[in-house]
Amino acid sequence: MIRINEHYLKLQTSYLFATIAQKINEFSENNPEREIIRLGIGDATRALPPACVEAFHKAVDEMAADGTFRGYGPEQGYPFLRETIARNDFAARNAEVNADEIFISDGAKCDTGNFQEILSTDITIAIPDPVYPVYVDTNVMAGRTGPIRDGRFENIVYLESTPENDFIPQIPDTPVDLIYLCFPNNPTGATVTREALAGWVDYARRNKALILFDAAYEAFIRDDSMVKSIYEIPGAREVAVEFRSFSKTAGFTGTRCAFTVVPKECMAYDASGSAHSLHALWNRRHSTKFNGVSYPVQRAAEAVYSEAGKRQCAEIIAGYMANADRIRKEMDALGYDYVGGKHSPYVWIDAKTDSWNLFDMLLNKAGVVCTPGAGFGTCGTRHIRLSAFNSAENVETAMARIREALGH
Ligand code: PLP
C-alpha cells in the first residue's frame, strides 16, 4: 500500500491569501466602480533593468547558434557569475566568501526550504515569529515538529519579534541547534545591528549550532555602514549559511535566480560528534537534485553587477524606498506606530486592533489591500504589513485614501 508522508497532514492550509482574495472579490462586486490598490504584495512591480534585458537577449542569441550553444551547465552555477558575486557582494565589503562557496539556484525560497534536508530531523530549531512561512512549513514537512496547538507547532522554539524587543528576537536561554534569521526582515522590515548579529554568531559557535541567514532584502539597506552579510561578522564562516536572491534586488521574481553561500569551514556533526563539511553535503545534494539555472538567466544576473546594472538597480530600489518613505510619513501623521520601511520595502504597522479588523477597514473605506500580520504568526495578530512594491502614483493615492479613512 502506498503511504503518504503523514507530517504533511500537520500543515495548516494557508487561509491568508484565499481569504484576502475572497474579501477583495466581495468588495469589487459591491463596488464595481472603485479601483483597488494592492499594497499587500511582496512582488517586484518594475521591469527588469535594461542592462539585464540586454544580457538576457545576447545570451539567448548565443543559444540560437551551434557554435555558442550551451547544454547542461555546472549545477553550482557558471564561474562567471559565482566570481562576479564573490567580488561584488563580499570581497568589496571585506567579507570572506570564495566563488566556489556560492551555489547559484532558481530561488531563495527553494534554498531556504531545501537546506534543512541535509540536517538531522532530530534537532531543535528556533524560528522567528512573525516569519516568512517557508521556514516553518518545510520543517513541519520534514517531521521536526509536533502537531500545531493554538497556532504554534510543538518542538519549535519561537523567537518572538515584538515592540518590546524592537522586533529583534532575543537569543533563547535553552540550547537550539538550528536558527533561522532574516534581515532586513520579512514581514517586519526590521534590521539587525552588527552587535546583535555578533551575539547570534557567538551563541552558534558556543553551542555548535547553525544559523540560516536570509538576506533576500539586503539591497534595500540604505546605510552602507550597516551589516549586509553575516560574513562581515568574525567567526560567522564556521556557523552560518547565507541566502541571497535577485528577486527583489533586480526584479527577478519571474526570471528566477538566487544563490546560497556555504563556507568551507561550516560544519555539522554526526551522532558520534564527528564534524562533517556542510559545503560537501550541500554540493552533493545540489548536484544530485538540481540541474542549474539557465545560461541566459545567469548572464542576466551577471549584468546586475555591471556599471549600468548597478546604477539601474539602485534607481529602481530608490523608487521603491521613496514609496516606503511616503508610507512611513503617512503613518507618522496618522499616529500609527510602525517598524521597517527605512532599510526595507515593508512597513509593519501596529493596527491598534486585530489585524483583520484594520484589513477590512482599509479595504472597505479606502479600497486599499494590506497583508494582515496574523498570516505570519501569532505575534502578527495586531499588525499589518504594507509593501512599497508599487508605483509612486498608486502609493500616493493609497495614502490619500487611508488618510481620509483613518484620519478622523
Ligand atoms: N526569503 C524571503 C524572506 C522572502 O520574503 C522571499 C520572497 O518573498 C524569498 C526568500 C523568496 O525569494 P526567491 O524569489 O528568490 O525565491
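Residue 383 in this note's numbering sits at position 391 of the sequence shown, and the numbers go up by one each step.
Even for Gly, the Cβ is constructed at its ideal location relative to N, Cα and C.
{"query": "Taking C-beta to C-beta, are Gly372 and Ala380 nearer than 8 Å?", "result": "no"}
{"query": "For Asn23, count the other beta carbons within 10 Å of its own beta carbon; 16 or more makes it buried, fewer makes it exposed. Which is it?", "result": "exposed"}
{"query": "Count the CB pairs spanning the region 128 to 144 and the region 159 to 167 that are closer than 8 Å, and state whether there are at least three.", "result": "no"}
{"query": "Please classify His268 as buried or exposed, where buried requires at least 16 neighbouring CB atoms within 10 angstroms.", "result": "exposed"}
{"query": "Which word fits Arg303, buried or exposed, when buried means at least 16 other C-beta atoms lie within 10 angstroms of its C-beta?", "result": "exposed"}
{"query": "CA-CA distance, Gln68 and Leu40?", "result": "24 Å"}
{"query": "Write down every uninterrupted run of the beta strand (DSSP E) in the region 213 to 293 whose length is 3 residues or greater and which is fully enclosed by it, in chain order.", "result": "232 to 237, 250 to 253, 259 to 261, 267 to 269"}
{"query": "Out of Ile319, Lys240, Ile341, state which residue places its alpha-carbon closest to the alpha-carbon of Asp35.", "result": "Lys240"}
{"query": "Going by CA-CA distance only, name the one from Asp215, Asn275, Cys249, Ala397 that's closest to Gly407.", "result": "For the chain, the structure presents residues -7 to 400; residue 407 sits outside this window and is missing."}
{"query": "Given this structure, state the Cα-to-Cα distance separating Gly227 from Leu270, to the nearest angstrom.", "result": "16 Å"}
{"query": "With a threshold of 8 Å, are at least 3 pairs of Cβ atoms found where one atom belongs to the region 147 to 154 and the other to the region 196 to 210?", "result": "no"}
{"query": "Please classify Gly135: does DSSP put it in a helix, a strand, or coil?", "result": "coil"}
{"query": "Distance, Cα to Cα, Val253 vs Asp58?", "result": "34 Å"}
{"query": "Tell me whether the beta-carbon of Lys101 lies closer than 8 Å to the beta-carbon of Val126.", "result": "yes"}
{"query": "Taking the alpha helix (DSSP H) that Phe351 belongs to, which residues open and close that run?", "result": "347 to 353"}
{"query": "Check whether the region 247 to 261 and the region 223 to 238 are in contact - that is, three or more C-beta pairs closer than 8 Å.", "result": "yes"}
{"query": "Could you spell out the range, first to last residue, of the alpha helix (DSSP H) harbouring Pro120?", "result": "That residue, Pro120, is in no alpha helix (DSSP H); its beta strand (DSSP E) goes 117 to 121."}
{"query": "Grab the span of the alpha helix (DSSP H) containing Ile(-4) for me, first residue to last.", "result": "Element bounds for Ile(-4): n/a, residue is neither H nor E."}
{"query": "Within a Cβ cutoff of 7 Å, which residues of the same chain sit near Asn386, ignoring the five residues on either side of it in sequence?", "result": "Ile29"}
{"query": "Do the CB positions of Ala343 and Ile376 come within less than 8 Å of each other?", "result": "yes"}
{"query": "Assuming Gly284 and Gly65 form a contact by the criterion Cβ under 8 Å, report the distance between their Cβ atoms to the nearest whole angstrom.", "result": "5 Å"}
{"query": "Does the beta-carbon of His49 have 16 or more other beta-carbons within 10 angstroms, so that it is buried, or is it exposed?", "result": "exposed"}
{"query": "Nearest to Ala118 by CA position, among Val360, Asn382, Arg144, is which residue?", "result": "Arg144"}
{"query": "Please report how far the alpha carbon of Arg393 lies from the alpha carbon of Asp346, in whole angstroms.", "result": "21 Å"}
{"query": "If I'm right that Ala201 touches Val168 with Cβ under 8 Å, what's the distance once you round it to whole angstroms?", "result": "6 Å"}
{"query": "With a 10 Å radius around its C-beta and 16 neighbouring C-beta atoms as the bar for buried, classify Leu416 as buried or exposed.", "result": "Nothing can be reported for residue 416, as the shown portion of the chain is limited to -7 through 400."}
{"query": "Comparing the CB of Asn199 with every heavy atom of the ligand PLP, is any distance shorter than 7 Å?", "result": "no"}
{"query": "Quick check on Gln290: buried or exposed, where buried means 16 or more other Cβ atoms within 10 Å of its Cβ?", "result": "buried"}
{"query": "Please state whether the Cβ-Cβ distance between Arg229 and Glu257 is less than 8 Å.", "result": "yes"}
{"query": "For Asp129, collect the residues of the same chain with a Cβ closer than 7 Å to its Cβ; drop the 5 residues on either side in sequence, then sort them by chain order.", "result": "Leu3"}
{"query": "From Phe282 to Ser112, what distance separates their C-alpha atoms?", "result": "21 Å"}
{"query": "Would you identify the three-state DSSP class for Asp35, choosing helix, strand or coil?", "result": "coil"}
{"query": "Can you look up Asp165 in the DSSP assignment and give me helix, strand or coil?", "result": "coil"}
{"query": "Identify the continuous alpha helix (DSSP H) that holds Ile12 and give its terminal residues.", "result": "7 to 22"}
{"query": "Would you mind giving the Cβ-Cβ distance between Ala306 and Cys44, rounded to the nearest angstrom? I have them listed as a contact below 8 Å.", "result": "Incorrect: roughly 13 Å between the Cβ atoms, too far for contact."}
{"query": "In chain order, what residues of the same chain have a beta carbon less than 8 Å from the beta carbon of Ile223, not counting five sequence neighbours either side?", "result": "In the sequence under discussion, the amino acid at residue 223 is Tyr, which differs from the Ile named in the question. So the list reads Phe82, Ala87, Glu88, Val89, Arg229, Ala232, Glu234, Val253, Pro255, once near-sequence residues are dropped."}
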